[in-house]
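J.: Numbering of the sequence shown is given in this note's numbering, commencing with residue 6 and proceeding in unit increments.
Ideal Cβ placement from N, Cα and C applies to all residues, glycine included.
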Amino acid sequence: MMDLVKFMRMEMNDQVDNKEIYISGAPACPGIVIGNTSLYQRVRPHISDTQIADDEVEDHIHKFYEALDIAEEELRALSDNTDLKASTDLIQMQIAILKDPELHDRVEQEISANNKPVDSAVESIFRNYLQVIRRNHRDEFQNKSVDISDIRDRLLQIIHDKRDDIEEGTILVARELSPREIISFSNRDIKGLITDRGGATSHAAIIARSMNIPTVVGAKKATEVINSGDEVVLDGRNGEVVVYPKNETRKKYESLIAQQSKKKADFESLCQKPNKTSDGTPFTLQANIEFAEELSIANKYQAEGVGLLRTESIYLSSKDFQNIDHQVAFYASILELTAPHQVTIRLFDVGGDKFFGDEEKEQNPFLGWRGIRMLLEQPKLLKNQLRAIYKTSGDFIGRIRILVPMISTINEIRKLKNIIGEVKKELLSEGVDIDKEIPLGLMVEVPSVALKADLFARHADFLSIGTNDLTQYTLAVDRGNERISNLYDQRHPAIWQLINGVAEAGKRNEAPVSVCGELASDPISACCLMGLGIDTLSMNAVVLPSVKQLLRENSYADMQQLAGKVLQAETLDDINNIFSNWETK
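1) How would you call Lys324, buried or exposed, if buried means at least 16 neighbouring beta carbons within 10 angstroms?
2) Counting C-beta neighbours from all protein chains within 10 Å, is the total for Gln573 16 or more, i.e. buried, or is it exposed?
3) Relative to the alpha-carbon of Tyr27, which residue among Glu77, Val247, Gly241, Val238 has its alpha-carbon at the smallest distance?
4) Using DSSP bridges, identify the partner residues of Gln554.
5) What do you reckon, are the CB atoms on Thr42 and Thr175 nearer than 7 Å?
6) Am I right that Arg202 and Glu181 are in contact with their C-beta atoms under 8 Å? What's the rounded C-beta distance?
7) Can you pull the DSSP bridge partners for Arg351?
8) Three-state secondary structure (DSSP) at Leu537?
9) Please decide whether Gly244 counts as near chain D, where near means a Cβ-Cβ distance under 7 Å.
10) Ordered along the chain, which non-local residues of its own chain (more than five positions away) have a Cβ less than 6 Å from that of Phe69?
11) Is it true that the CB of Ala72 sits closer than 7 Å to the CB of Ile164?
12) Can you tell which of Tyr395, Ile470, Gly399, Gln566 has its C-alpha closest to the C-alpha of Gly426?
13) Identify, in the order they occur along the chain, each residue of the same chain with its Cβ nearer than 7 Å to the Cβ of Phe272, setting aside the five sequence neighbours on each side.
14) So Thr479 and Ala508 are supposed to be a Cβ contact under 8 Å. How far apart are they, rounded?
15) Rounded to whole angstroms, what is the Cα-Cα separation between Ile212 and Gln265?
16) Would you kindly work out how many angstroms separate the C-alpha atoms of Val245 and Gly30, rounded to a whole number?
17) Can you list, in chain order, the stretches of the beta strand (DSSP E) that have 3 or more residues and sit fully within the stretch 223-286?
18) Quick one: residues in its chain with C-beta nearer than 6 Å to the C-beta of Ile262, no 5 flanking neighbours on either side, listed in chain order?
19) Just list the beta strand (DSSP E) runs in the stretch 452-534, keeping only unbroken ones of 3 residues or longer that don't cross its boundaries, in chain order.
20) Which residues mark the beginning and the end of the beta strand (DSSP E) in which Gly446 is found?
21) Between His67 and Ile116, is the Cβ-Cβ spacing less than 7 Å?
22) State buried or exposed for Thr5, treating a residue as buried only when at least 16 other CB atoms are found within 10 Å of its CB.
23) Does DSSP classify Glu575 as helix, strand or coil?
24) Give the range of the beta strand (DSSP E) segment to which Gly312 is assigned.
25) What separation, rounded to the nearest whole angstrom, lies between the Cα atoms of Glu236 and Thr254?
26) Using the Cα positions of Asn133 and Val518, report the straight-line distance between them to the nearest angstrom.
27) Which whole runs of the alpha helix (DSSP H) in the stretch 44-110 are 4 residues long or more, in chain order?
28) Along the chain, where does the alpha helix (DSSP H) containing Asn416 start, and where does it finish?
29) Suppose you measure from the CA of Gly471 to the CA of Val520; what does that come to, to the nearest Å?
30) Could you spell out where the alpha helix (DSSP H) holding Thr397 opens and where it closes?
31) Over the uninterrupted beta strand (DSSP E) stretch that includes Pro345, give me the two end residues.
32) Let me know if Asn581 comes out buried or exposed under the rule of 16 or more other beta-carbons within 10 Å of its beta-carbon.
33) Hey, how far is the Cα of Met17 from the Cα of Gly40?
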């Protein structure tokens, strides 16, 4: 019967050979694969809508704890089968949620007090959790929602004894995926991943990159267009998916796959070579990370430390986000895995609307109470993070830098320095060994800071340009709004002018300038940044070889000429033409 089904699929594919379909998404992990698909839909069993009798309560409570035990056993098995530390950390986070006494009490209460069946009780309690989480709008907090939905769905599947039907060696197509699901499916030799939802910085995308699974995310209606058994081409370099590829399309990508294999070998050799332009000018390439698992690729590609360590996840993955010991363990794990290089720790960058109640929610959180603005009004939160960083620093002298997000006034810097002084004094009085000279840097992401870079540089040890938000604020374009996404482009002439001004101010004030935004991930843009005199770039680890290759192939003099032309450009089209001509020169 199965052979007949496969034959019918082949016949259907032949009939639509002249109707290949192109789907665009966001590249999350580079790589090209060709293969048949498995369409994955989380099994959501029908939830009981009747009440249970009093004498059934104990049985349903028992079913709940039995499901918890099975889910925990599955997670521990996954943890034992992965060598990725942060994958283990994420799994441990889910285990912690399963073991949460508050969760247990609430589900028991729903069953015993309201006579709800176990599946209905689980659904109800998790719905309450998700209502809180879904008040958040930025990707890093959407991740929490995905994780909680995943735990809920897995419990419901276990309660109803449901299983998925994913074939080994296929390309997985799903609406969205949790980190647990990706780890689980990797054991079935999944060749690639395509999701309707999600971004390149989601937990799932990070897990996929760490496992080197070619991935396209945000492909919108991929699950509506693609069926199980369809042949597709997945191009994780540019986020393109081709359904029902024609013979000539298939051959083109097969040739690219062969080139990809050779390039992979070349990259491994390239990474052993020094970071110098063709005329001998040195540069530094670092990694932007959020989880320890991302360091496997960063270290493989010889990243010279971490230029941006995001810290939001260590709060949002823990019930007690004020836990200092939890932070110290996290920072120490990153520093141990990156020795002897520096790690730049960005202070907690999120506004109160992301985790407080509706009464504090803002209409425009991107322009509101976030970053240093929120931290200065939450002194306990700020001091706890600073205490954790300084406590960690005693074992890693000279290797930590602190980066301050969303700075917009000099007064904010002065207040922060006073608090840092208090924290250092307290720790020293307690006999704690610390690095007394941790450099303090400022994120340049507010246009007023870029325009007054000379002033701000005099109050900082270094500046780090965050081109993502700088572009958003300069162009007045919400980078998460799909309706105006065509207006958001970090190559815009105004952005280059601001970056150049910051670079020059940094030189005048002897404050090193680096770039940690997405602009640094584009090889030609990286060459232009180098031409402006910014020789330290931090980026997603997977693009390190591509950026390094282009920087090594060209001279510093050529990059200066490129930067000069870009600064003279009047429109984005002008810059795109300059880049195209430079790339093919």
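T.: By the coordinates alone:
1) Here Lys324 scores only 48 on pLDDT, less than 50, and its place in the model is too uncertain to base an answer on.
2) When all chains shown are included, Gln573 counts as exposed.
3) The candidate whose alpha carbon is nearest that of Tyr27 is Val247.
4) Gln554 pairs with nothing; no bridge assigned.
5) Going by C-beta atoms, Thr42 is nearer than 7 Å to Thr175.
6) Contact between Arg202 and Glu181 holds, since their C-beta atoms are separated by about 4 Å, short of 8 Å.
7) When beta bridges are read from the DSSP output, Arg351 appears opposite Leu408.
8) Here Leu537 sits in coil by DSSP.
9) The question asks about chain D, but that chain is absent: this structure has only one protein chain.
10) Here Phe69 has Val112, Val123 as same chain residues with Cβ atoms under 6 Å from its own Cβ, once five neighbours each way along the sequence are excluded.
11) A contact, by the Cβ cut-off of 7 Å.
12) Relative to Gly426, the option among Tyr395, Ile470, Gly399, Gln566 whose CA is nearest is Tyr395.
13) So the qualifying residues of the chain are Pro550.
14) About 16 Å; that fails the 8 Å criterion.
15) Whole-angstrom Cα-Cα distance: 21 Å.
16) Residue 245 is actually Glu in this sequence, not Val. Roughly 6 Å separates the two Cα atoms.
17) Counting whole runs of 3 or more residues, the stretch 223-286 contains the beta strand (DSSP E) stretches 236-240, 245-248.
18) The answer, listed in chain order, is Ile37.
19) Counting whole runs of 3 or more residues, the stretch 452-534 contains the beta strand (DSSP E) stretches 467-470, 518-520.
20) It spans 445-449 - the beta strand (DSSP E) in which Gly446 sits, taken as one unbroken run.
21) Going by C-beta atoms, His67 is not nearer than 7 Å to Ile116.
22) What is shown of the chain runs 6 to 590, which leaves residue 5 out entirely.
23) Coil.
24) For Gly312, the enclosing beta strand (DSSP E) has its first and last residue at 311-314.
25) One C-alpha to the other measures close to 12 Å.
26) So the two alpha carbons sit approximately 45 Å from each other.
27) DSSP runs (the alpha helix (DSSP H)) wholly in the stretch 44-110: 62-85, 90-103.
28) Run containing Asn416: 415-434, per the alpha helix (DSSP H) assignment.
29) CA-CA distance, Gly471 to Val520, rounds to 6 Å.
30) Note, Thr397: alpha helix (DSSP H), 384-398.
31) Run containing Pro345: none; DSSP gives neither H nor E here.
32) When all chains shown are included, Asn581 counts as exposed.
33) At Met17 the pLDDT is 44, less than 50, meaning the model places this residue with poor confidence and gives no usable figure here.
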